Structures are given as C-alpha cells and as structure tokens.
Amino acid sequence: MTGGVVVLGATGSVGRQALDVLRARGERPRVLTAHRDAAGLAALCREFLPEACVIADEKYNELKLLLADTPVRVSAGPDALCAAAALPGRPVVLNAIVGIGGLLPTLAAVRTGNTVALANKETLVVYGTQVMREARENGVPILPVDSEHSAVFQCLRGEDGNRVRRLLLTASGGPFYGKTRDELRAVTPALALAHPSWRMGPKITVDSSTMMNKGFEIIEAAHLFGLPQEKVEVLIHRESVVHSMVEFEDGAVKAQLSKPDMRLCIQYALTYPSRCPSPVEPLSFTGLTLGFEAPDTDTFFLLKKAREAFDRGGNACAALNGANEAAVAAFLAGKLGYLELFALVARAMDAVPYVAAPSLEDILETDRAARAFVNGGCC
Ligand code: NDP
15 MTGGVVVLGA
25 TGSVGRQALD
35 VLRARGERPR
45 VLTAHRDAAG
55 LAALCREFLP
65 EACVIADEKY
75 NELKLLLADT
85 PVRVSAGPDA
95 LCAAAALPGR
105 PVVLNAIVGI
115 GGLLPTLAAV
125 RTGNTVALAN
135 KETLVVYGTQ
145 VMREARENGV
155 PILPVDSEHS
165 AVFQCLRGED
175 GNRVRRLLLT
185 ASGGPFYGKT
195 RDELRAVTPA
205 LALAHPSWRM
215 GPKITVDSST
225 MMNKGFEIIE
235 AAHLFGLPQE
245 KVEVLIHRES
255 VVHSMVEFED
265 GAVKAQLSKP
275 DMRLCIQYAL
285 TYPSRCPSPV
295 EPLSFTGLTL
305 GFEAPDTDTF
315 FLLKKAREAF
325 DRGGNACAAL
335 NGANEAAVAA
345 FLAGKLGYLE
355 LFALVARAMD
365 AVPYVAAPSL
375 EDILETDRAA
385 RAFVNGGCC
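When you line the sequence shown up against the numbering used here, it's residues 15 to 393, in that order.
Structure, rendered in structure tokens:
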C-alpha cells in the first residue's frame, strides 16, 4: 500500500483526536502505536484494523494476547517504533508521542523520506537544527500540528519570498494567569491540570501552566520558520481564538482564527495542501471580543530560560527539556512543589555540561544528565 497515515502516540490526546479526524474521513490508519496503554491500543486496533501496531517491550505479551484473533501485526520496542515511522510507501507520519521519546521516530521518518506531521515539539526543542537540516536535505516536509505553528504556517502560505518582521505566538495564559509567585506556592497537580481552554495530555497541560510550553514553542517556531528567537513574540490572549499571527515588513498582519479545537490543525497537516470539511464548530463573530497583552516573564521565568537556551545553542535546549520532563513527572507524582519545579529546571539547565556541537548521542546523554540532576534534587 502507498500513502496513508501512521499514528505514533495513538492512545494520547492528539493521537485520539487524529483518529477522530480519520474516522470522520472514512480513512484507516496504517500503523498505530502506544507506550504502555495496551488495552487502549488494542481497542483502537479492533476498530481501525491497521496493518500493524507497536507498544513498549514490557507490554508486548499483553497486547499480543488482546489481538490474537485479529490480523493486526503486533511488535514492540524502540526499533519497531522507528520502523513504523520509516514504513515504506510514503505515508504521512503523525508524531503525537509526548517527550523526547518522539525524537528517534521523527529522525527515522525524515531519513526514509516520509512526510512528518509533527505534534511532538520536543523533537525540535532538543535537536531542531539537525532535524530541520536533514528534512531539507531529504526534501521531507515537516508539517506543524501545534496550533500556534499551524496558524503561522497557514498565514505564510502564498507569501514565498516576503519578509517576516515578527511572529506573534498567542498563549491562553493557562490556569494561573495573573497570579503572583506567592500565590503559586500552593499549586497542586490537580490545579495545574485544569486548563481553561484546551483538553490535553498531562505533561503539556503542566507545561502550559508554567509557560514552559510557550518557551518550547518559541524554540519550535524559530526552527520551523528559520527565524531568530527575537523575532518570535508571545502575547497572552485569553480567548484562545487567534491561534497566532505573522507580521510582514510592510506592517500587514495575518492571523488564523477558529474555535480552539486541535482537530483542525491535525486535519490540515494530514490533508495539506487541501482544506476539507471538518467537525470543528464555526466561529461566531457577533459579540466576540479579543484581548492581547504581554506575558509576565518575571513570574513565569521559564519563558525567558527558553530564549536563553536557544541563544546558548549546542545542547542547552536538550538540557532544559530533559530537566523539565523529569521535574513535571516529579511534580505530578507529588515529589516536588510547584515553585521548586521552576527553580530546579533552571538550575539543571545551567548545571549540565555544555556541548557546542552535539551529536545525537550527546543529546541523549544531555537528557540523561538533566534528568539525573533533577531526580537527585527532588527525590
Ligand atoms: P499524551 O500524554 O496525551 O499522549 C502521549 C502519547 O505518546 C500516548 O499515546 C503515549 O502512549 C505515547 N507515549 C508516551 N511516551 C512514549 C514513549 N516514550 N515512546 C513512545 N510513545 C510514548 O500527550 P499529548 O497528546 O497531549 O501530546 C503529544 C505531543 O503533542 C506532545 O509533544 C505535546 O507537546 C504535543 N501537543 C499536544 C497538544 C494537545 O492538545 N494535547 C497540542 C499541541 C501539541 P500511552 O498512552 O501508552 O502512554
């Protein structure tokens, strides 16, 4: 078979919404993957009957048993995950894995020449320069799924050769908009997981609350659109209707607006360059008011830390990401306070030895070192 879609991280928030899109379009994904949720993956495989599915090694027997009476091929482990991303026949690979675990599958897809629909922003945060270089060299499109980057991508269509003055990434401000540092001291995982406008997986929801997510998005945008981070600005926009904007050198600003619904960005990446009917509710403009303001980068200082990491280059963004992944996990497990999370991530980024021109192995080692620093500091 040629074409089709591979969904990496099918059991997650983006993965399931991608399957909503495929279901509505009457399309069958070619491969589905998950990490530990064998029951969830088995249920999706029974519904969609893909050619194959992949899970973590320790869940292989459970999944194999659950799918024993189906024709779906079951495999497991990191090599099988990369093989799914490198599936022959030029599928679009939707990478909806959370965390640095998405990096090797992205590289596998790019090196095979498979188009990547990228939700896994950590890929670009930790190794963006190299991933974008390889994508260019192999002629592989990286189509953004993140709503802000999809918005910028849509605004840039038809503007080839026109110079961009700045990108304006919007941010909802999360559940703690307007709070002081003192007020943040009492934040619990349950409070951090209550996002006002988006339903997402736990890790990105916590990242949105700390604004680390927006910091990662600055880095992601700089890589995707080939701009210095200074040209990527952040605006708090509580309504989550304008998903981002592009200002051109003549002063014109283009924006992409819609109801906050990831299915629009996912579908656009899967059907690009076509636009197709979607289940996303239309936007009503009567009575709609839109507000924009600058973020509080003193309280939410990880936003500044992300800019600093991007400017430092080398392995600094990988150190920031590894530290953040470990700190968010520790916070969600009740082992780390909310304000300690901020402080520990910043300290870890500065503590991990700097490598100016990191290899892939250096990036993976940086990730291990940053996690070790955080886990040593909080457990
Ligand atoms: P979820 O936690 O909901 O889902 C993550 C998926 O990845 C699950 O299928 C999970 O499997 C799988 N997974 C987790 N760890 C690994 C691993 N080490 N190797 C392979 N697979 C793994 O995350 P989200 O869907 O919220 O986010 C996915 C990505 O998309 C993130 O990078 C996020 O930043 C980005 N994103 C998400 C948005 C959203 O609306 N959710 C919006 C924009 C970007 P299992 O279920 O078995 O654990």
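Idealized CB from N, CA, C, for every residue including glycine.
None of the values given here were measured: they were computed from a predicted structure.
Mind checking whether residue i and residue j have CB atoms under 8 Å apart?
i, j, result
"Met-225", "Leu-316", "yes"
"Val-248", "Lys-273", "no"
"Val-124", "Leu-157", "no"
"Leu-334", "Ala-341", "no"
"Glu-234", "Asp-325", "no"
"Val-86", "Pro-64", "yes"
"Ala-133", "Cys-96", "no"
"Glu-307", "Ile-232", "no"
"Ala-53", "Ala-98", "no"
"Ser-258", "Leu-358", "no"
"Gly-240", "Ala-320", "no"
"Asp-381", "Gly-336", "yes"
"Leu-118", "Pro-92", "yes"
"Tyr-368", "Ala-330", "yes"
"Val-68", "Ala-100", "no"
"Val-256", "Leu-304", "yes"
"Leu-238", "His-163", "yes"
"Val-145", "Asn-128", "no"
"Tyr-191", "Arg-252", "yes"
For residue i and residue j, I'd like the C-alpha separation in whole angstroms.
i, j, result
"Ser-27", "Glu-173", "32 Å"
"Asp-34", "Gly-175", "36 Å"
"Cys-393", "Lys-135", "Residue placement at Cys-393 is poorly supported in this model, since its pLDDT is 47, which falls under 50; the coordinates are not used for a value here."
"Thr-143", "Gly-301", "43 Å"
"Ala-362", "Glu-41", "44 Å"
"Phe-356", "Ala-24", "30 Å"
"Leu-36", "Cys-290", "12 Å"
"Gln-278", "Ile-114", "With the sequence shown as reference, residue 278 is identified as Leu, and Gln is not the correct amino acid for it. Roughly 25 Å between the two C-alpha positions."
"Gly-328", "Asp-376", "10 Å"
"Pro-372", "Ala-383", "14 Å"
"Pro-102", "Thr-126", "8 Å"
"Asn-389", "Ala-344", "8 Å"
"Glu-339", "Leu-346", "11 Å"
"Ala-169", "Thr-120", "The amino acid occupying residue 169 in the given sequence is Cys; Ala does not appear at that position. The straight-line gap from Cα to Cα measures roughly 25 Å."
"Pro-309", "Lys-217", "21 Å"
"Ala-32", "Pro-242", "31 Å"
"Val-45", "Tyr-141", "25 Å"
"Ala-149", "Val-139", "15 Å"
"Thr-47", "Gly-29", "9 Å"
"Thr-202", "Phe-387", "23 Å"
"Thr-137", "Ile-111", "10 Å"
"Ala-38", "Phe-314", "39 Å"
"Lys-193", "Arg-179", "32 Å"
"Lys-318", "Leu-55", "38 Å"
"Ala-208", "Asp-51", "23 Å"
"Asn-152", "Val-246", "27 Å"
"Ser-288", "Glu-379", "41 Å"
"Ala-204", "Ala-70", "28 Å"
"Ala-269", "Glu-354", "36 Å"
"Pro-43", "Thr-84", "16 Å"
"Ser-222", "Ser-292", "26 Å"
Under a three-way DSSP split, which group does residue i fall into?
i, result
"Arg-179", "strand"
"Ala-386", "helix"
"Ala-269", "strand"
"Val-35", "helix"
"Val-256", "strand"
"Pro-216", "helix"
"Phe-306", "coil"
"Ala-343", "helix"
"Ala-414", "There is no way to answer for residue 414, as the model of the chain reaches only from 15 to 393."
"Val-201", "coil"
"Val-19", "strand"
"Val-246", "strand"
"Phe-315", "coil"
"Gly-391", "helix"
"Tyr-299", "It is worth fixing the name first, because residue 299 is Phe in this sequence and not Tyr. Phe-299 falls in the coil class under three-state DSSP."
"Arg-30", "helix"
Practice task
Spell out a yes or no on whether the segment 179-190 and the segment 281-289 are touching, meaning 3 or more CB-CB pairs, one atom from each, closer than 8 Å.
Solution key: Too few Cβ pairs lie closer than 8 Å, so no.
Exercise for the section: Determine contact between the segment 16-24 and the segment 95-113, defined as no fewer than three beta-carbon pairs at a distance below 8 Å. Expected result: Yes, they touch.
Practice task
May I ask you to verify whether the segment 53-65 touches the segment 79-88, counting CB pairs closer than 8 Å and requiring at least 3?
Solution key: The segment 53-65 vs the segment 79-88: in contact.
Practice task
Let me know the alpha helix (DSSP H) ranges lying completely inside the segment 39-66, each 4 residues or longer, listed in chain order.
Solution key: Within the segment 39-66, the complete alpha helix (DSSP H) runs of at least 4 residues are 52-62.
Practice task
Assess, as a yes-or-no matter, whether the segment 250-267 is touched by the segment 195-202 under the definition of 3 or more beta carbon pairs within less than 8 Å.
Solution key: No: the two stretches stay apart, fewer than three of their Cβ pairs being nearer than 8 Å.
Practice task
Write down every uninterrupted run of the beta strand (DSSP E) in the segment 77-111 whose length is 3 residues or greater and which is fully enclosed by it, in chain order.
Solution key: Fully enclosed beta strand (DSSP E) runs of 3 or longer: 87-90, 106-109.
Problem - Sequence ranges, beta strand (DSSP E) only - wholly within the segment 107-182, length at least 3 - result: If one requires a minimum length of 3 residues, the beta strand (DSSP E) runs lying completely within the segment 107-182 are 130-132, 156-158, in chain order.
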